[in-house]
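Since the structure comes first, as structure tokens, the remarks are kept for the end.
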Ligand SMILES: Nc1ncnc2c1ncn2[C@@H]1O[C@H](COP(=O)(O)OP(=O)(O)OP(=O)(O)O)[C@@H](O)[C@H]1O
Ligand SMILES: [Mg+2]
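Residue numbers (the numbering used here), protein chains in the order written: chain A, 546 to 811; chain B, 11 to 328.
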């Protein structure tokens, strides 16, 4: 395995309303890995990313940054595009540089390059409302890339997109990843997407949020459409979906559902 | 007379319908253009508001208003009611023209009070809201007092304010300052309430993003909270503009004949003492007109500032 970039050990997070979002979660993220987190809704995937990004305090455990990495090299792509509606595409992408105090002229090249990466040149002067959902998402990705991050946290970035846009953005992302040698932590609901993209898929279970399976996807890159049709691909998908089903049907899962039902009746 | 009126109304209706057709045709044309060019909305964004003013949405209520006025005029003439009880609209109009020389300077004074109060309210309201969002504690401790300021009837405290201000500011300006303070009290709250709400409703993902990039408090305020608050703030302006005028007029009523320079409320009072009811109506008409102008001006300002991005001002094609 590659050198660890980020190590989460024994991380627990309890929200102020008492929800145990994460319990004793340990995870080592290797340098240059493409890791996907899958799991049922509410199992704490977003919380993992938030903890890594330093948004909100953990209740216990620690997150270590190794190999000269730090939170500074981090970029976060949220589930929604989260663009500033009052700013043009260009100004939205420039935001991280502006906050870092980089001047307009000095940031010009980086902004153009980031927009080029997501194939959005020519739309610099548009406002977010003039863009389609997929384009907004790409602006959001460009904004994350403009600081030349080494670690990319993505929270279901393609969740709201149609299948075609999603698969195009998937292969674009893979291309970029292999060029730039990023470390990516990618949250998704979609098992097929996770298997197609990642070299490691982490399966999580809910209440309390924890890791139940860690599946290495040994298929070589670059991955093409052929990989999607290969028996190996199907095998991985089956393995992960059965891990998910087990987690949902396990003892914890049963308790959680009956608790939930009780809460609904209350 | 009546037949003439119906003909006029029919004419007006035709005009409205004709206008509607004309408008839809022209908007179709812009749609066509938009589809063909790559950069769609940009320029058209400022236009829809202008178009709104000419649309049936505005012409219809104007038609209703004219109808009511016509009915009023006819009723006054037929019933033979005395002008000192209820003057007809035509007489009011005549009086407005003949009394313009005495009424308009008064209106200007009222407008000056309103404007001064409004500007002070905008600046102070904005500052207070920014202060509120800097700390939950400041907001918690002071917001109730803003509410108290709002719920205190200005009529009740105006005499007090006038007396106090006279102690501090001697001479002619004292009444002016007192009236500005009264109008300011009335105009302040909507700005505070709206802007505070706006500053606090910045998108939480964007707030996280700013935190992630280690944005300073000042950067977050300048680049995120203030722009997010803009639509709310402008909404507050529209309410507050009208309230400043009402506050000024009410305070003038309380001040009565006190000052040497007297506003429109003074003219209304004097007219009613002298049973110059048509003149009173004319002054009232001017005040209302001023209120409408203020509202329209602030709406245009709001649309101009939000035109490029906010849903309320943008003409969407989907
Ligand atoms: N701010 C919060 N306050 C209280 N509870 C929260 C908060 N955010 C999340 N939670 C709870 O923590 C748990 C994990 O939430 P999280 O958002 O990490 O889930 P998720 O796996 O990302 O779900 P989804 O796939 O639906 O996005 C959930 O049960 C949720 O109810
Ligand atoms: Mg989530």
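Ideal Cβ positions, reconstructed from N, Cα and C, are used throughout, including at glycine.
Taking 7 angstroms as the cut-off, the C-beta of residue 591 of chain A counts as close to a heavy atom of ligand 2. Interface with chain A (8 angstroms Cβ-Cβ cutoff): residue 209 of chain B is excluded.
Per DSSP, residue 289 of chain B is one residue of the alpha helix (DSSP H) stretching across 287 to 316.
Residue 585 of chain A and residue 643 of chain A have their C-alpha atoms some 37 angstroms from each other. Three or more Cβ pairs closer than 8 angstroms define a contact, and the segment 719 to 734 of chain A meets that threshold against the segment 763 to 772 of chain A.
Proximity of the beta carbon of residue 701 of chain A to ligand 2 is indicated: a heavy atom of the ligand is located closer than 7 angstroms.
Considering only beta carbons, no part of the segment 251 to 262 of chain B lies closer than 7 angstroms to chain A. Remark: three or more beta-carbon pairs, one from each stretch, lie closer than 8 angstroms, so the segment 190 to 200 of chain B and the segment 248 to 257 of chain B are flagged as touching. The C-alpha of residue 630 of chain A lies about 54 angstroms from the C-alpha of residue 85 of chain B. From the beta-carbon of residue 221 of chain B, the residues of chain A found nearer than 7 angstroms are 600.
In this structure, DSSP gives residue 114 of chain B a helical state, which the three-state scheme calls helix. In the three-state scheme derived from DSSP, where H, G and I count as helix and E and B as strand, residue 257 of chain B is classed as helix. Taking 8 angstroms as the threshold, the shortest C-beta distance from residue 319 of chain B to chain A falls below it. Secondary structure of residue 224 of chain B (DSSP, three-state): coil. Residues of the segment 634 to 648 of chain A with a Cβ closer than 8 angstroms to any Cβ of chain B, in chain order: 640, 641, 643, 644 and 645.
Around the beta carbon of residue 780 of chain A, fewer than 16 other beta carbons lie within 10 angstroms, which makes this residue exposed. Nearest neighbour of residue 700 of chain A by Cα position, chosen from A/744, A/564 and A/598, turns out to be A/598. In the three-state DSSP reduction, residue 248 of chain B falls in the helix class (H, G or I). When the beta-carbon positions are compared, residue 762 of chain A and residue 745 of chain A come within less than 8 angstroms of each other.
With a contact defined as Cβ atoms closer than 8 angstroms, residue 266 of chain B and residue 279 of chain B qualify at about 7 angstroms. Just so you know, the alpha carbons of residue 777 of chain A and residue 741 of chain A end up roughly 11 angstroms apart. Look at residue 311 of chain B: its C-beta is not under 8 angstroms from any C-beta on chain A. The segment 697 to 715 of chain A makes contact with the segment 732 to 739 of chain A: 3 or more CB pairs, one atom from each, lie closer than 8 angstroms.
Residue 640 of chain A and residue 729 of chain A have their C-alpha atoms some 21 angstroms from each other.
For residue 680 of chain A, none of the residues of chain B pass the 7 angstroms Cβ criterion, the least Cβ distance being about 13 angstroms.
Between residue 110 of chain B and residue 72 of chain B, the alpha-carbon positions lie close to 24 angstroms from each other. Against chain A, a Cβ distance below 9 angstroms from residue 279 of chain B picks out nothing, because the smallest value is about 47 angstroms. One thing to note: residue 274 of chain B has its Cβ no nearer than 8 angstroms to the Cβ of residue 186 of chain B.
Annotation: the continuous beta strand (DSSP E) that includes residue 755 of chain A extends over 755 to 761. Set against 7 angstroms, the gap from the CB of residue 562 of chain A to the closest heavy atom of ligand 1 is smaller. In this chain, residue 624 of chain A is not harboured by any beta strand (DSSP E), its DSSP state being neither H nor E.
Per the C-alpha coordinates, the member of A/665, A/621 and A/558 positioned closest to residue 217 of chain B is A/621. Look at residue 216 of chain B: its C-beta is under 8 angstroms from a C-beta on chain A.
Any Cβ of chain A closer than 8 angstroms to the Cβ of residue 229 of chain B would place that residue at the interface, and such an atom is present. For residue 225 of chain B, at least one C-beta of chain A is nearer than 8 angstroms to its own C-beta. Non-local beta-carbon contacts of residue 240 of chain B in its own chain, meaning distances under 6 angstroms to residues more than five positions away in sequence, are absent.
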